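Participant:
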Amino acid sequence: MRIHLLLAVFVAVMTISVGPLRAQQLVAVVKESLLIDTKNHVYSISLSHDEKKIALALRDRIQIRSLFDGSVISELTGRAGGKHTRMQFVNNDTELKAPLQFLKDSKKQGRVRKWNVATGKPTETIDLPGETQFYTGFSQDARVLLVSPEIPASKSMRVWDLTTGEQIILKADGFFWRSAYICPKKKTLVTLHPHELWIWDYPSGKIRHKVALKKRPSTIGFEVSFSADGKLFLYTYPMGYVTIWDAFTGKQSVAGRFSFGGAHRHLLFPDGTHILVNSSGKGVGEESDLYVYDTRKRVAVMRLQGTPRRMEQADLVISRDGTLVAQSTATGTISIWKLPRLQP
120 MRIHLLLAVF
130 VAVMTISVGP
140 LRAQQLVAVV
150 KESLLIDTKN
160 HVYSISLSHD
170 EKKIALALRD
180 RIQIRSLFDG
190 SVISELTGRA
200 GGKHTRMQFV
210 NNDTELKAPL
220 QFLKDSKKQG
230 RVRKWNVATG
240 KPTETIDLPG
250 ETQFYTGFSQ
260 DARVLLVSPE
270 IPASKSMRVW
280 DLTTGEQIIL
290 KADGFFWRSA
300 YICPKKKTLV
310 TLHPHELWIW
320 DYPSGKIRHK
330 VALKKRPSTI
340 GFEVSFSADG
350 KLFLYTYPMG
360 YVTIWDAFTG
370 KQSVAGRFSF
380 GGAHRHLLFP
390 DGTHILVNSS
400 GKGVGEESDL
410 YVYDTRKRVA
420 VMRLQGTPRR
430 MEQADLVISR
440 DGTLVAQSTA
450 TGTISIWKLP
460 RLQP
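Here this note's numbering = 1-based position in the sequence shown + 119.
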């Protein structure tokens, strides 16, 4: 394992190449505080609430690593990990909850398991009724799981309360694409449909708004991220276009629409006023920097400088307070940046 410990924050004059920013501008530069090389394909990542641990979904297991030095704390096995893993730390970060992979040539029985983070041993297993389920979303407290049939387009989607065992079924007159998101406060769901975003009220399961999209959405480029209060959400179009919406009115926020050129990944910071932008096109190439963009001033205010390397981005997450950013790549590296607190 190759670990580099670097921590530096400084201000530099540089040329910005994301979105409409092409001129020189004063931008804070934040260097990686930690670089971990796992030598494995990392599908997804999840940060602990105390920002001391990170969970990595590998092909056949989940690793828990320290954010102090990158060392392995434990490994979770038994159908853990895999391509579509959703993970959340629970119980004061002492346990991790995640759905299990389906066994080949078997009935696709949904199953969620909790493991002890320190020992890697399972502590609870929850069976979900029904078959051919595909995990599409996980609430921030890991109590609500969104599941859908395995086929990419379906007319229904289930929402499970893992604490009570109750479920609601979302039904559409058209099709759901296999993507859904739930806000941190668990009051709003967002699902993708041909030409529309649907905003749902939870737990009533009623449609709050249908948002028409000017461009036909892509199941690959679709991504939604919420502000911490759940009032705003950011929707990513393919090829670098993003819009910010009011989850309760169904209208575009004052911030409106942004274009970041070839940027592929965007996340809304918890404060609802900053966007994290991956500037490396589709995530493949030597460019490994990220940018923090202020939606009110419409300028980049921070550059997160990464170690130059060929990369294919797998996952990107922001901590709940917006002071920690983690990025994983398909080649097995994880970059961590510690950010100064953003001005609201």
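Heads up, the beta-carbon is just placed ideally off N, CA and C, and yes, glycines get one too.
All figures in this text were calculated on a predicted structure; none of them were measured in a lab.
With a threshold of 8 Å, are at least 3 pairs of Cβ atoms found where one atom belongs to the segment 303–318 and the other to the segment 282–294?
Facilitator: Contact between the segment 303–318 and the segment 282–294 is present, because at least three Cβ pairs lie under 8 Å.
Participant: Along the beta strand (DSSP E) that carries S210, what are the first and last residues, could you check?
Facilitator: As a working note, residue 210 is residue 91 in the sequence shown. A small correction: the amino acid at residue 210 is Asn; Ser does not occupy that position in the sequence shown. No beta strand (DSSP E) holds N210; DSSP gives it neither H nor E.
Participant: Ends of the beta strand (DSSP E) at S344?
Facilitator: Position 225 of the sequence shown, counted from the first residue, corresponds to residue 344. First-last of the beta strand (DSSP E) with S344: 343–345.
Participant: With distances taken between CB atoms, is the gap from V263 to Y254 smaller than 8 Å?
Facilitator: Translated into the one-based positions of the sequence shown, residue 263 becomes position 144. Translated into the one-based positions of the sequence shown, residue 254 becomes position 135. In this structure, Y254 does not lie closer than 8 Å to V263 by Cβ.
Participant: Less than 8 Å between the C-beta atoms of V278 and Y321, yes or no?
Facilitator: By 1-based counting over the sequence shown, the position of residue 278 is 159. By 1-based counting over the sequence shown, the position of residue 321 is 202. Contact flag set, yes.
Participant: What is the C-beta distance between I455 and L443, in whole angstroms, given that I count them as a contact (C-beta under 8 Å)?
Facilitator: Along the sequence shown, read from residue 1 onward, the residue named residue 455 stands at position 336. Along the sequence shown, read from residue 1 onward, the residue named residue 443 stands at position 324. Contact flag correct, Cβ pair sits at about 7 Å.
Participant: What's the call for F187, buried or exposed, on a 16-neighbour Cβ count within 10 Å?
Facilitator: The residue labelled residue 187 in the question sits at position 68 within the sequence shown. It counts as exposed.
Participant: Taking the beta carbon of Q207 as the centre, do at least 16 other beta carbons fall within 10 Å, making it buried, or is it exposed?
Facilitator: As a position in the sequence shown, residue 207 is number 88, starting the count at 1. Buried is the call here.
Participant: Would you mind working out which of Y300, A347, G197 sits nearest R178, comparing C-alpha positions?
Facilitator: As a first step, residue 178 must be located in the sequence shown, where it is residue number 59. Looking at the Cα atoms, G197 is the closest of the given residues.
Participant: For the beta strand (DSSP E) that contains G229, what are its first and last residues?
Facilitator: The residue labelled residue 229 in the question sits at position 110 within the sequence shown. Where G229 is concerned, the enclosing beta strand (DSSP E) stretches over 229–235.
Participant: Pull up the DSSP beta-bridge partners for N397, would you.
Facilitator: Position 278 of the sequence shown, counted from the start, is the residue given in the question as residue 397. DSSP lists L409 as partners of N397.
Participant: Determine the DSSP secondary structure at G425, reduced to helix, strand or coil.
Facilitator: Here residue 425 is taken as the residue at index 306 of the sequence shown, counted from 1. If DSSP states are grouped into helix, strand and coil, G425 belongs with coil.
Participant: Mind checking E285: buried by the 16 CB within 10 Å criterion, or exposed?
Facilitator: On the sequence shown, position 166 is the one that residue 285 refers to. Looking at its Cβ environment, which holds fewer than 16 other Cβ atoms inside 10 Å, E285 is exposed.
Participant: Start and end of the beta strand (DSSP E) containing E170?
Facilitator: On the sequence shown, residue 170 is found 51 positions in, with the first residue counted as 1. Note, E170: premise wrong, no beta strand (DSSP E); not H, not E.
Participant: Taking F388 as the reference, give the member of Q424, R327, N159, C302 with the closest Cα.
Facilitator: Reading the sequence shown from its first residue, position 269 is the one you call residue 388. Nearest option by C-alpha distance: C302.
Participant: Would you mind stating whether D218 and V231 have Cβ atoms separated by less than 8 Å?
Facilitator: For the purposes of this step, residue 218 is identified with residue 99 of the sequence shown, where counting begins at 1. For the purposes of this step, residue 231 is identified with residue 112 of the sequence shown, where counting begins at 1. Position check: residue 218 holds Pro in this sequence, whereas Asp was assumed. In this structure, V231 lies closer than 8 Å to P218 by Cβ.
Participant: What's the call for G404, buried or exposed, on a 16-neighbour Cβ count within 10 Å?
Facilitator: Within the sequence shown, numbered from 1, the residue matching residue 404 stands at position 285. Low per-residue confidence applies at G404: pLDDT is 39, beneath 50, and the placement is therefore not dependable, though the value from the model is reported in the following sentence. G404 is exposed by the Cβ-count criterion.
Participant: Going along the chain, which residues of its own chain have a beta-carbon closer than 6 Å to the beta-carbon of V420, five neighbours each way excluded?
Facilitator: Taking the sequence shown and counting its residues from 1, the one referred to as residue 420 is at position 301. Result list for V420: V411, D413, in chain order.
Participant: Tell me the DSSP secondary structure of G359 in three-state form.
Facilitator: Numbered from its first residue, the sequence shown carries residue 359 at position 240. Note: G359 maps to helix in three-state DSSP.
Participant: For T204, count neighbouring Cβ atoms within 10 angstroms of its own Cβ and tell me buried if that reaches 16, exposed if not.
Facilitator: Translated into the one-based positions of the sequence shown, residue 204 becomes position 85. T204 should be labelled buried.
Participant: So D212 and K172 are in contact, right, with Cβ under 8 Å, and what is the actual spacing, rounded?
Facilitator: Translated into the one-based positions of the sequence shown, residue 212 becomes position 93. Translated into the one-based positions of the sequence shown, residue 172 becomes position 53. So it is a contact: roughly 6 Å between Cβ atoms.
Participant: Consult DSSP for P313 and reduce its assignment to one of helix, strand or coil.
Facilitator: The residue you call residue 313 lines up with position 194 of the sequence shown. Looking at P313 - three-state DSSP - the assignment turns out to be coil, as it is neither helix nor strand.
Participant: Does DSSP put A291 in a helix, in a strand, or in coil?
Facilitator: By one-based count along the sequence shown, residue 291 stands at place 172. Reduced to three states, the DSSP call for A291 is strand.
Participant: Could you give the distance in angstroms between the alpha-carbon of T362 and the alpha-carbon of K329?
Facilitator: Counted from its first residue, the sequence shown places residue 362 at position 243. Counted from its first residue, the sequence shown places residue 329 at position 210. Answer to the nearest angstrom: the Cα atoms are 15 Å apart.
Participant: Just list the residues that DSSP pairs R415 with in beta bridges.
Facilitator: Translated into the one-based positions of the sequence shown, residue 415 becomes position 296. DSSP lists no partner for R415.
Participant: Have a look at T282 and P463 and give me their C-alpha separation to the nearest angstrom.
Facilitator: The residue labelled residue 282 in the question sits at position 163 within the sequence shown. The residue labelled residue 463 in the question sits at position 344 within the sequence shown. For T282 and P463, the distance between alpha carbons rounds to 35 Å.
Participant: Just grab the DSSP bridge partners of R184 for me.
Facilitator: Taking the sequence shown and counting its residues from 1, one reaches residue 184 at position 65. Per DSSP, I173, V191.
Participant: Alpha carbon to alpha carbon, how far is K333 from S323?
Facilitator: The count along the sequence shown starts at 1 and reaches residue 333 at position 214. The count along the sequence shown starts at 1 and reaches residue 323 at position 204. For K333 and S323, the distance between alpha carbons rounds to 29 Å.
Participant: Below 8 Å CB to CB, which residues in the same chain sit around K457 once its five sequence neighbours on both sides are set aside?
Facilitator: The residue you call residue 457 lines up with position 338 of the sequence shown. If we look at K457 and ignore the five residues flanking it on each side, its Cβ neighbours are L126, V149, S152, T442, L443.
Participant: From the DSSP output, which residues share a beta bridge with E243?
Facilitator: As a working note, residue 243 is residue 124 in the sequence shown. Answer by DSSP bridge pairing, in chain order: K233.
Participant: Looking at the structure shown, is H160 part of a helix, part of a strand, or coil, going by DSSP?
Facilitator: By one-based count along the sequence shown, residue 160 stands at place 41. DSSP places H160 in coil when its eight states are reduced to three.
Participant: Starting from Y300, trace the beta strand (DSSP E) both ways and give me its first and last residue.
Facilitator: One-based indexing of the sequence shown puts residue 300 at position 181. Its beta strand (DSSP E) spans residues 299–301.
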